[in-house]
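S.K.:
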Amino acid sequence: MRAQDIPPHLHDRYGIRPPSPWRWVAWAAVVLVSAPVALYAASRYVASQSSTANLTRWSYAPPTTVRAVLHVDPATTTQWCTVEAQDFTHVDVGFALVPVRPGGTDVAFTLRVLAPPVAVAVNACGSDPYALQGAQFAPGVQPPAQPAPALAPGVYSPDRLRAVQ
Numbered sequence: 146m147r148a149q150d151i152p153p154h155l156h157d158r159y160g161i162r163p164p165s166p167w168r169w170v171a172w173a174a175v176v177l178v179s180a181p182v183a184l185y186a187a188s189r190y191v192a193s194q195s196s197t198a199n200l201t202r203w204s205y206a207p208p209t210t211v212r213a214v215l216h217v218d219p220a221t222t223t224q225w226c227t228v229e230a231q232d233f234t235h236v237d238v239g240f241a242l243v244p245v246r247p248g249g250t251d252v253a254f255t256l257r258v259l260a261p262p263v264a265v266a267v268n269a270c271g272s273d274p275y276a277l278q279g280a281q282f283a284p285g286v287q288p289p290a291q292p293a294p295a296l297a298p299g300v301y302s303p304d305r306l307r308a309v310q
């Protein structure tokens, strides 16, 4: 029922008023302010989405290296993938943060390890290396340094990350 269909004496009793012409201006202002904010948030969300990566093959090269190949879905920004090597007790013996350039699909790299691994895995990939899961070394164990362009745990400083990109 529209406001003009209601008898005038009910308008006074129940406080019914005709719609204000300014309500359309208010709605337009809300849309004009919230649309850019929503678009910015959506673009940040899309940019931060992680790629999927699979470890296609790896081989242990005694005494301290593992050669591995990742297959990563192409991305529009540099992605970072965490790769770990574990011994039979499920403790990390090698860990690296590997950069994947935009458009890259297969990435071959060398991972330094402290002991022979029984498993090598890719945990996650994403555009923010600080948001990825860290290493799980035994307490008191110093992670091995990794050959460039990969980074070892503890060297995720912004300067080092910019140098790799």
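Going by my numbering, the sequence shown opens with residue 146, and the numbers climb by one from there. Beta carbons are placed, not taken as given, at the ideal position from N, Cα and C, and that holds for glycine.
1. With C-beta atoms as the reference, is VAL217 less than 8 Å away from CYS226?
2. Grab me the residues of VAL283's own chain with a C-beta within less than 7 Å of its C-beta, minus the 5 sequence neighbours each way, in chain order.
3. Looking at the secondary structure, which residues open and close the alpha helix (DSSP H) in which ARG158 lies?
4. Which of the three DSSP states, helix, strand or coil, is assigned to PRO208?
5. Just confirm the distance between the C-beta atoms of ALA213 and VAL228, as a whole number of angstroms; I'd bet it's less than 8 Å.
6. Which first and last residues belong to the beta strand (DSSP E) in which VAL252 is found?
7. Leaving out five residues before and five after PRO262 in sequence, what residues of the same chain have Cβ atoms less than 7 Å from its Cβ?
8. Roughly how many whole angstroms lie between the Cα atoms of ALA264 and ALA187?
9. Are the beta-carbon atoms of LEU277 and VAL243 separated by less than 8 Å?
10. What is the DSSP secondary structure of VAL286, reduced to helix, strand or coil?
11. Is the beta carbon of VAL286 sitting closer than 8 Å to the one on LEU200?
M.R.: Checking against the coordinates, here is how it stands:
1. yes
2. Residue identity check: residue 283 is Ala in the sequence provided, not Val. Closer than 7 Å at Cβ, skipping near neighbours: VAL236.
3. 153-159
4. coil
5. 6 Å
6. 251-257
7. TYR205, VAL211, ALA230, GLN231, ASP232, VAL238, GLY239
8. 37 Å
9. no
10. coil
11. no
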